[in-house]
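Numbering (this note's numbering), first residue to last: 1069 to 1608. Ideal placement from N, C-alpha and C gives every residue a C-beta, glycine not left out.
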Amino acid sequence: MGHPSDSGRSFANGGLDLIVRSGTIVDGTGAPPVTADIGISGGVIKKIGDLSSVTAADEIDATGLVVTPGIIDVHSHADLTLAIDGRAESALTQGVTTVLVGNCGHGCTPLRDRPEYASAIFGYNRSIPLDWQSTGEYLEKLRQARPGINVGTLVPLGNVRLTAMEDPERPASDDQVKHMCALLEEALDEGALGFSCGLQYPDSVHTRSEELDEFNKIVAAHGGLFAACVRHTDERAVEGIEEPINSAAATGVRTQISHAMPQPGSPRGMTEKTYEMVDRARQSGLDVAFDMHTRVWGELNISAMLPLWALAGSSEQIDARLGNKAERERIKEYPGYVRRFVRIPGPEEMMVVLTRDPSLVGKTVAELTPRGQDPLDTLLDILRSEGDDIHRPQILIRMYPEDELASFYEHSHCAVGSDATALSLNGPLGDEVFYGAFTWASWFLRRIVRERQTLSLPEAIRRVTSLPAERIGLDDRGVLKPGARADLAMFDFERVSESGTLEAPNQLAKGTAHVIVNGVVALRGGVVTDGRAGTVFTSA
1069 MGHPSDSGRS FANGGLDLIV RSGTIVDGTG APPVTADIGI SGGVIKKIGD
1119 LSSVTAADEI DATGLVVTPG IIDVHSHADL TLAIDGRAES ALTQGVTTVL
1169 VGNCGHGCTP LRDRPEYASA IFGYNRSIPL DWQSTGEYLE KLRQARPGIN
1219 VGTLVPLGNV RLTAMEDPER PASDDQVKHM CALLEEALDE GALGFSCGLQ
1269 YPDSVHTRSE ELDEFNKIVA AHGGLFAACV RHTDERAVEG IEEPINSAAA
1319 TGVRTQISHA MPQPGSPRGM TEKTYEMVDR ARQSGLDVAF DMHTRVWGEL
1369 NISAMLPLWA LAGSSEQIDA RLGNKAERER IKEYPGYVRR FVRIPGPEEM
1419 MVVLTRDPSL VGKTVAELTP RGQDPLDTLL DILRSEGDDI HRPQILIRMY
1469 PEDELASFYE HSHCAVGSDA TALSLNGPLG DEVFYGAFTW ASWFLRRIVR
1519 ERQTLSLPEA IRRVTSLPAE RIGLDDRGVL KPGARADLAM FDFERVSESG
1569 TLEAPNQLAK GTAHVIVNGV VALRGGVVTD GRAGTVFTSA
């Protein structure tokens, strides 16, 4: 995906589309800032230096602003939201120009005609038609949405298992594994950038480590990325980190451990153990790194507590199951992570943030649970009250102490991502919320860099630009240099902050002045334009 540099060309008589003047350039490599101009033409950075004698069709005065590569979100769940509304206001107003979707083994491709797929798509509601099946068709759907930012997708394991298996909540047969390998190969050939798994989820928990190795041999042969949402984050968390590292050793696949921070119930010292395992893997020659989001709360759909058999059929059939005492008890015995979170950290740390009944929003599960009632019954009651939109209700779980987040960010191979969607304030998804969508990058720059000074500004920018570009395999983005694609963000660094709150998450961030995507101004003076110049990446 690289583009040759022609920085030696003379621009004395113009010939540039855009000049960014007098900005403080933090180039994405971790190098100290420099003050310079940036000349752009044809969507590519042509020259960085003194362009005071050069003119261009458009100019941006970046005096007093920090100019960086566009932020690259290595762990996004904007699969559906970008296909429905490509404006991506939440991303652009934080300086984000690129996202990688298809993470955690869940996403929008491949699809087949069965209702269980809805459980694999963040932000799904029944009003949205899923009118594609293959990866190629999904990528075309993204192009038709005219995304304001760049986007690439991984192949999610959950979707692959749902396609190849009638009942993915059991081990796969040899023939089904072969079918899944063929589906993965097809998706990579059609443009996916790699493969992801979510081994805690009902549709993937029965995946054997040997199957991962078979899949990752294919991914490695395509030069793709393996992003692993690990199987164990509790008392077996060491095994959870070891499994993707072992697959990297067996296959040579480039491996990214997703949101690697341990969760409540993990062994003491698990943060340090994670560092040691990753460092040891890298010292042995494996290409292994990890990422972390920027939330003290975890977010999930309440419907994640349901096994797939409980989601089969019509909304009326699902409601009947949830109202049947015997089947309700069977659901409550399902060993999913919602059940674990009710135990640790507990219903007092679980807050309802999205549901049809506004009186429930902002209250904890403990507050909503009558004395003597099982909190799991409270969650099932919320699902029943939602009618035919069972996948919409969401809860937050307080589970990531800020000090531990900051500790993770200190590791030089920790990229930082959103673990969120991309949204806009109005339009077809104007009523949707996802905690972190409007806040993640701004919180990181404000709290971790400016206030806590956990990382220097150049190093922090590296974690959200060149490091994720390297992990994804984007060799022409993530660094400001001649020949790179012209994705830039410009910040008033002292003003950078998030506006979204727990009670009102969908508020535009502050401090991002201008954003350029593929040489086109996407945000000018803090206002999103109709540039819509995002590229849909393919591996071809």
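Close beta carbons around residue i, own chain, < 8 Å, minus the five adjacent residues each side
| i | result |
| --- | --- |
| Val1589 | Leu1086, Asp1126, Ile1128, His1582, Val1583, Thr1597, Gly1599 |
| Val1169 | Ser1144, His1145, Ala1146, Asp1147, Leu1150, Gly1175, Cys1176, Val1219, Gly1220, Thr1221, Leu1222 |
Residue i classed as buried or exposed, judged by whether at least 16 other C-beta atoms fall within 10 angstroms
| i | result |
| --- | --- |
| Gly1602 | buried |
| Arg1439 | exposed |
| Val1595 | exposed |
| Glu1401 | exposed |
| Cys1297 | buried |
| Ala1288 | buried |
| Ala1349 | buried |
| Asp1271 | buried |
| Glu1311 | buried |
| Thr1123 | exposed |
| Glu1470 | exposed |
| Ile1412 | exposed |
| Gly1498 | exposed |
| Ala1213 | buried |
| Pro1100 | exposed |
Candidates the options: closest to residue i by CA position
| i | options | result |
| --- | --- | --- |
| Gly1098 | Gly1587, Glu1527, Arg1553 | Glu1527 |
| Leu1210 | Met1233, Glu1184, Ala1186, Gly1259 | Gly1259 |
| Gly1091 | Ala1240, Ser1241, Gly1262, Gly1132 | Gly1132 |
| Leu1267 | Pro1224, Gly1216, Val1112, Gly1154 | Pro1224 |
| Leu1523 | Gly1541, Leu1556, Ala1474, Asp1543 | Ala1474 |
| Val1421 | Thr1161, Phe1502, Pro1536 | Phe1502 |
| Ser1195 | Asp1555, Leu1119, Cys1265, Arg1460 | Arg1460 |
| Thr1161 | Phe1605, Glu1566, Val1433 | Glu1566 |
| Gly1495 | Pro1100, His1143, Ile1152 | Ile1152 |
| Arg1515 | Gly1391, Tyr1477, Gly1414 | Tyr1477 |
| Ala1357 | Ala1483, Met1329, Ala1509 | Ala1483 |
| Leu1591 | Gly1292, Asn1574, Arg1563, Met1558 | Met1558 |
Coil, strand or helix - residue i by DSSP
| i | result |
| --- | --- |
| Leu1374 | coil |
| Ser1109 | strand |
| Lys1578 | strand |
| Gln1521 | coil |
| Asp1543 | coil |
| Trp1508 | helix |
| Cys1297 | strand |
| Asn1284 | helix |
| Ile1152 | helix |
| Cys1176 | coil |
| Ser1565 | strand |
| Ile1087 | strand |
| Glu1127 | strand |
| Leu1210 | helix |
| Ile1529 | helix |
| Leu1493 | coil |
| Gly1404 | coil |
| Asn1171 | helix |
| Asn1218 | strand |
| Val1122 | coil |
| Val1604 | strand |
| Thr1342 | helix |
| Asn1392 | coil |
| Met1233 | coil |
Beta-carbon proximity list for residue i, same chain, < 6 Å, skipping 5 on both sides
| i | result |
| --- | --- |
| Asp1141 | Val1164, Val1167, Gly1485, Ser1486 |
| Ile1116 | Ala1104, Ile1106 |
| Met1248 | Val1228, Ala1232 |
| Ala1552 | Ile1113, Asp1544 |
| Ala1255 | Thr1203, Val1223 |
| Phe1561 | Val1134 |
Any C-beta of chain D under 7 Å from that of residue i
| i | result |
| --- | --- |
| Ala1317 | No chain D is present in this structure, which holds just one protein chain. |
Residues bridged to residue i (per DSSP)
| i | result |
| --- | --- |
| Phe1358 | Ile1325, Cys1482 |
| Pro1431 | A small fix is needed here, since residue 1431 is Lys in this sequence, not Pro. Paired residue(s): none; Lys1431 is not in a bridge. |
| Met1418 | Ile1465 |
| Arg1439 | Answer is none; Arg1439 lacks a bridge partner. |
| Gly1366 | Ile1465 |
| Leu1556 | Pro1137, Ile1584 |
| Arg1592 | Val1595 |
| Phe1263 | Val1223, Phe1294 |
| Thr1092 | Thr1103, Val1134 |
| Gly1117 | Asp1105 |
| Arg1166 | According to the sequence displayed, residue 1166 carries Thr and not Arg. DSSP output for Thr1166 lists Ile1140, Asn1218 as bridge partner(s). |
Cut-off 7 Å between Cβ atoms - residues of its own chain near residue i, not counting five sequence neighbours on either side
| i | result |
| --- | --- |
| Gly1096 | Thr1136, Pro1137, Ile1529, Arg1530, Thr1533, Ser1534, Gly1546, Val1547, Leu1548 |
| His1290 | Leu1256, Ser1607 |
| Pro1197 | none |
Contact test: residue i Cβ vs the ligand ZN heavy atom, cutoff 6 Å
| i | result |
| --- | --- |
| Gly1366 | What this structure holds is no ligand at all, so the ligand ZN is not there to describe. |
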